[in-house]
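Have a look at the structure below before the remarks.
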Amino acid sequence: MPNTGKPSQDCHLCRRRRVKCARCIKYGVACPGYRNQQDLVFRHASADTIELQRQPRTRQHDGPSRSQSKGPWRQRRQQQQQHEEEEEEEEEEEEEEFEQREGEHVEGRGRQGGLVLARSLAEHWKAQSIPILLNIYDLGFLHSVFAAYGPDGPLVWAAHLFSRAHVVNVRNPTAVSARARGDAQRELAEYLGRTLRIVSGLLETGEGAGRDDVLATVWILAGYELLIGTQGATRTRGNTWHLHTRGLYSILRSRAAEHIRTPAGHMSFWPAFTMIQTEALATGTRCPPESTAWLDAIHDTLIPGEALALAVSRFVVVAAAAQHEMLAVLHARDFAAAAAALPGLLAGLAAARGGLRAACAENAERHESDLCLVNLARSACVKAFHIAHLLINFLTHRPGLRTGMSVGMGMGELLRAREHCLAQVRVEACAILDSVPQALGLWSWAGGGGRKKTTTTTTTDTTGKGGGGGTTAAAGGASHKVVFDALKLMWPLVAVCTIPSTGQDQRLRARAVLEFVGKEVGVRQALGVREVLNLRVGEESLPVEAESPLLDGLDLLSVSE
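Each number in this note's numbering comes from the position in the sequence shown (counting from 1) with 3 added on.
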């Protein structure tokens, strides 16, 4: 714009009345000329610009001696700045008048769009911690507990802890600075300590075991340990995830059996008992001795939609008992006890699987929607048949087996049973991996490690066991519910990834999915998969004979016949 020696009539580019505007020359374009006074003036208005405009301005008037000491250029510059400030004040007055006129028309007008907020609203992250938790764990049990207990209970602090850990895992990369990691750990440790102190105080009074918010808090703490990946992180201290699951067992054991028969007792029982059964499968131990009585109480007061959950739980009880007995025989190195126990254990597993398949056929709709239950049963099959395969390998080394002097299954029967166990392990492992896209809900997993977003609608879980979500996952972004889906899928994937009886390609696929869950979903335990299968009692390892069968000098064709 040419220098006319007086304020111009609003340059098109800078929208400011200045003596000279060099923006046209700077950007290499022709000057558009003067603006028509009747044209509308469009200014960029945001919360930040309005806030700056409303801040009080302080004018500094220099004394005559100081102004006289300045050169003519400085005096003209000062006059120009004062003139610009006056023009800005006039513009502010015009904007206020325009807003007042617009306000008169907005009152009678319907809401057609979002309003521009003049000031930014500052809100602490704690205000969103409970909604985030309820969005992740979309269970009717948690909703009812939050409604029944006040804001001073331990469940609120557990919500702050879990939500903060989730936000940190999702927003921060896996490799951050030591300072940022230390700040996050100190903040999480503060909330964890406060939550544990409240829970401990309530349990010491004797009333804590009967409160559902205490049970829900311990259950959330177990999920928090998987979220931040503490399982197997250190060898010096005990595993905190196992500590929380045993705390859930203590709470259920202290409650009366009549409490489980109520609808509220059903809702609080399933999440806790599922965690207890997962811990039994992971550690190679039996389910609690009260499991049969608890499941009988559930059966007597069965709620629609719980039939499949009951069948899966009964099968897991049988599978956990079988794996515990087989591990005990292996550690004892007792060939006679192994030969006597193997036929009955295999028959018991086959009968339990038959009952489970019948229940799945009767509840086909629930079978398709609740993959959490189905994958738990599949992981129990993988673990139980893997240990049965180890027991058969051990029996092939039995003295007198080749000469026919031993009592029990012959070599041909043992090898056929071994092939059957390996086939069952790999079939169930393949079913777990094939269910990953549907189990995660939002994310579609590609075998090569890629992913794409799909639109899925999940159903609400009525049993409280964690099968449904109640949220509609849009194709535009990830839902918080995928975190709960990933937590439920952790143990089946770990079983496929760490059990050596599965195929090598299956272990690689499971590890790839675990890396995806750890990096993209934010479940850090998936990035630290270790040997969580408790295949040893104390410091005694399994016998060497269980690693492979003794086939030296054996005619496999004659044996197979």
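In this text, a Cβ means the ideal position worked out from N, Cα and C, and glycines have one as well.
Check, Outcome
"Exposure label - residue 228; buried when at least 16 CB within 10 Å", "buried"
"6 Å Cβ shell around residue 233 - same chain, five flanking residues per side excluded", "243"
"Separation of residue 391 from residue 500, as counted between CA atoms", "18 Å"
"Beta-carbon proximity check, residue 383 vs residue 430, cutoff 8 Å", "no"
"Same chain only: Cβ atoms within 8 Å of residue 131, ignoring 5 sequence neighbours per side", "166"
"Residues of its chain near residue 324, where Cβ-Cβ distance is below 6 Å and the 5 sequence neighbours each way are ignored", "289"
"Inter-residue Cα distance where the pair is residue 278 and residue 201", "22 Å"
"Cα-Cα separation between residue 433 and residue 206, rounded to whole angstroms", "43 Å"
"Per-residue DSSP class, three states only, for residue 551", "coil"
"Residue environment, residue 268, which counts as buried when at least 16 other CB atoms sit within 10 Å", "buried"
"Residue 493 - containing alpha helix (DSSP H), residue span", "484-501"
"Residue 274, enclosing alpha helix (DSSP H) - first and last residue", "266-286"
"When 204, 168, 292, 209 are compared against residue 193, the one with the closest alpha-carbon", "168"
"Coil, strand or helix - residue 133 by DSSP", "helix"
"DSSP-derived helix/strand/coil call for residue 204", "helix"
"Whole-angstrom distance between residue 342 and residue 548, CA atom to CA atom", "14 Å"
"Bounding residues of the alpha helix (DSSP H) (the contiguous stretch that carries residue 294)", "294-303"
"Residue 402 (DSSP reduced to helix, strand or coil)", "coil"
"Where residue 541 falls: helix, strand or coil (DSSP)", "Residue placement at residue 541 cannot be trusted, given a pLDDT of 45 that sits under 50; what the coordinates show is reported in the next sentence. Three-state DSSP puts residue 541 in coil, outside helix and strand."
"Inter-stretch contact at 8 Å, needing at least 3 Cβ pairs: the region 290-304 / the region 247-257", "yes"
"Euclidean distance between Cα positions of residue 423 and residue 532", "28 Å"
"Candidates 91, 128, 421, 497: closest to residue 517 by CA position", "497"
"For residue 127, the first and last residue of its enclosing alpha helix (DSSP H)", "From DSSP, residue 127 is part of no alpha helix (DSSP H); its letter is neither H nor E."
"Stretch-stretch touch, CB-based, cutoff 8 Å, three pairs: the region 211-222 with the region 138-152", "yes"
"CA nearest to the CA of residue 351, picked from 362, 360, 322, 368", "322"
"Alpha carbon of residue 261 to alpha carbon of residue 530, nearest angstrom", "42 Å"
"Inter-residue spacing [alpha-carbon to alpha-carbon] between residue 212 and residue 256", "9 Å"
"Selection from 281, 364, 386 that minimises the alpha carbon distance to residue 330", "386"
"Residue 128 burial status per 10 Å Cβ neighbour count (16 or more: buried)", "exposed"
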